[in-house]
Amino acid sequence: MTIQKRLFLTSAALAVLTLASPVMAQSDTFKIGLILPMTGPQATTGRQIEAAAKLYMAQNGDTVAGKKIQLIVKDDTSTPDVTKRLAQDLVVNEKVNVLAGFGITPSALAVAPIATQSKTPQVVMAAATSSITQASPYIVRTSFTLPQASVALADWAPKNGIKKVVTLVSDYGPGIDAEKFFKERLTFNGGQVTEALRVPLRNPDFAPFLQKVRDLKPDALFVFVPSGAGTAVMKQFLERGMDKAGIKLIGTGDVTDDDLLNDMGDGALGVVTSHHYSAAHPSAANKKFVEAFKKANNNLRPNFMAVGGYDGMRVIYEALKASKGQGGGDGLLAAMKGQIFESPRGPMFIDAQTRDVVQDIYLRKVERKDGQLYNVEFDVIKDVKDPGKAR
Ligand code: VNL
0 MTIQKRLFLT SAALAVLTLA SPVMAQSDTF KIGLILPMTG PQATTGRQIE
50 AAAKLYMAQN GDTVAGKKIQ LIVKDDTSTP DVTKRLAQDL VVNEKVNVLA
100 GFGITPSALA VAPIATQSKT PQVVMAAATS SITQASPYIV RTSFTLPQAS
150 VALADWAPKN GIKKVVTLVS DYGPGIDAEK FFKERLTFNG GQVTEALRVP
200 LRNPDFAPFL QKVRDLKPDA LFVFVPSGAG TAVMKQFLER GMDKAGIKLI
250 GTGDVTDDDL LNDMGDGALG VVTSHHYSAA HPSAANKKFV EAFKKANNNL
300 RPNFMAVGGY DGMRVIYEAL KASKGQGGGD GLLAAMKGQI FESPRGPMFI
350 DAQTRDVVQD IYLRKVERKD GQLYNVEFDV IKDVKDPGKA R
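Numbering-wise (numbering that gives the first Met the number 0), the sequence shown opens with residue 0 and increments by one.
Below, the structure is given as C-alpha cells:
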C-alpha cells in the first residue's frame, strides 16, 4: 500500500468516525426540551408540570422504541424573549426532538415560528388561548382552551339564578378569550354582562376593580386569572365582603387551582367553576395519579397544569413508539394527531384536524372533603371541542 493510499484510508476512516459518532449519539437519545416558568409569578405551573413529566417517566421507563429519553428542563421565567432564545438553543445546539411546556400564551406563541422552521413538534402543556394551535402546524396541545371552559359556565349560570354578571379577566390572550366566549354565551342564554373589567397580567392590584364590582352589585363576578393568582383574588373578594353583599364568585377553574385551593380557607366554599380537571375527579385512573404524584412530591396535590404535563408526556411517548423513531419531526407529529386515551382528567382526544384537545368539561363546586377543600364535580359536558375553532 502506498503512503498516499494509506493516508487516504486513515483520513477517510477518521471522517467516517467523526461523522458517525454524533449521529449515533443522537439517534440513541431522544431529547425533550421542556421550557417552563420555574421562577417568577408562574413558578407553581413550572413546578407542577416538571413533577408530572418526571412522574410519567418514572412510571413508564426512560427507554422508548430503543431510545433513551432525556428531559432537558429550562426556566424561561415567563418572559417570551427568554422562551424564544431557549427554544432556539435547544433546537440548534441540543438538537431536541420535541419542544414542550409553555406556561403562558406569549411564551407558546414566541416559539411557534421556531417549531415551524425546524419541523419540531411543540407540545403545549399549559397555555390555553384558543388561537395558539393555529400559530404553527407543529403545535399540539394537551392543556385546554379558555373558550372550552367558559362556555359551560355561561350555560350553567342563568339556570341558577345568575343573570347579571361582571367579568374580570387578566388582560391578555386567555383572559380576552374567557371574557368574549362567556359573554357571548351568557347573552345568548338571556343573561347580561353589565361590565367587562381587565387587570394587567403583571403585578395585578385587584382592589380598585373589586370596589367597582361591589358598587355595580351584579348577581355574580366571573373571573379568569392564570394559575397561581387565584389566592389574591379570593382574599380581596372576601376582605371586601363581596360574598356578604350577595355577589357570587364564579370562574374557570384556574381561580380555584388545586395547587392553592386548600390554603384559601372556608371563604372559598361554594365557589362554582368550570374546568377540565379536578384532583377530586372520581375515577380509578385519577386516584392512582393523585396518589403517585403526592407520594413523589412531598404530598403536593397535582393541579390541572400537572395533568397537562403528564398527558403531554404520554402523547410524546406514544408518538415515538408508533413512529418507531422514524420520520423525524413530521413522523412524530403524525403519530400525535388523533391520539385517544383515558387521562386522569377523563377521556381525552387530540383532534387530528386542529391538533387541539377535545375533552369533557366539568362543573364543580368547592366543598370540604376529608378535611380538605376540593373542586367537587357535579355535572359534565361531554367531548367539548374548542368553540374558538368554529369561527
Ligand atoms: C394561561 C392560561 C396560563 C391559563 C395559565 O396559568 C392559565 C395562558 C399560568 O394561556 O397564558 O391558568
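Glycine included, every Cβ here is placed at the ideal spot set by N, Cα and C.
In the structure shown, residue 338 falls within a coil segment according to DSSP collapsed to helix, strand and coil. Counted as a single uninterrupted DSSP element, the beta strand (DSSP E) harbouring residue 273 occupies residues 271 to 274. Within the DSSP bridge table, the entry for residue 80 names no partner. Considering only 77, 351, 138 and 186, the residue with the shortest C-alpha distance to residue 155 is 186. Minimum Cα-Cα distance from residue 333 among the listed residues 122, 163 and 85 corresponds to 122.
Contact between the stretch 222 to 230 and the stretch 244 to 256 is present: three or more C-beta pairs spanning the two stretches fall below 8 Å. DSSP lists 372 as the beta-bridge partner residues of residue 367.
Around the C-beta of residue 362, 16 or more other C-beta atoms lie within 10 Å, and the residue is accordingly described as buried. For a cut-off of 8 Å, the C-beta gap from residue 168 to residue 182 is around 10 Å, too long to register as a contact.
Looking at 73, 343, 63 and 68, the one whose alpha-carbon comes closest to that of residue 37 is 73. Here residue 41 is buried. Its C-beta has 16 or more other C-beta atoms within 10 Å. When the beta-carbon positions are compared, residue 306 and residue 342 come within less than 8 Å of each other. Going by C-alpha positions, residue 98 is about 10 Å away from residue 315.
Residues of the same chain with a CB within less than 6 Å of the CB of residue 43, apart from the 5 flanking positions on each side, are 227 and 258 in chain order. Here residue 268 is exposed. Its C-beta has fewer than 16 other C-beta atoms within 10 Å. According to DSSP, residue pairing for residue 33 in a beta bridge involves 72 and 99. In the assembly as shown, residue 369 is an exposed residue. Its beta-carbon has fewer than 16 other beta-carbons within 10 Å. Straight through space, the alpha carbons of residue 48 and residue 295 are spaced by roughly 13 Å. Classified as buried, residue 292 has 16 or more neighbouring CB atoms from the shown chains inside 10 Å of its CB.
In terms of Cα proximity to residue 279, the closest of 31, 328, 364 and 204 is 364. Relative to the non-hydrogen atoms of ligand 1, the Cβ of residue 102 comes within a distance shorter than 7 Å of at least one. Relative to ligand 1, the beta carbon of residue 190 is positioned no closer than 7 Å to any heavy atom.
Within the model, the alpha-carbon separation for residue 158 versus residue 286 is close to 32 Å.
Within its own chain, the residues whose Cβ lies closer than 8 Å to the Cβ of residue 190, once the five positions on either side in sequence are excluded, are 153, 156, 157, 161, 162, 163 and 164, listed in chain order. For residue 313, the enclosing alpha helix (DSSP H) covers residues 303 to 322. Within a 10 Å sphere around the beta-carbon of residue 177 sit 16 or more other beta-carbons, which makes this residue buried. Using a Cβ distance threshold of 8 Å, residue 82 and residue 39 do not count as a contacting pair. Where residue 113 is concerned, the enclosing alpha helix (DSSP H) starts and stops at 104 to 117. Under DSSP, residue 250 takes part in a beta bridge, and its partners are 222 and 272. For residue 253, the shortest separation between its Cβ and any heavy atom of ligand 1 lies below 7 Å. Straight across, the Cα-Cα distance linking residue 346 with residue 214 is about 42 Å. Nearest in C-alpha terms to residue 378, of all of 302, 151 and 211, is 151. Counting of Cβ neighbours within 10 angstroms places residue 112 among the exposed residues, the total staying below 16. Annotated as distal: residue 55 and residue 239, with beta-carbon spacing of 8 Å or more.
Looking from the CA of residue 310, the closest CA among 142, 171 and 198 belongs to 142. In this structure, DSSP gives residue 143 a state outside helix and strand, which the three-state scheme calls coil.
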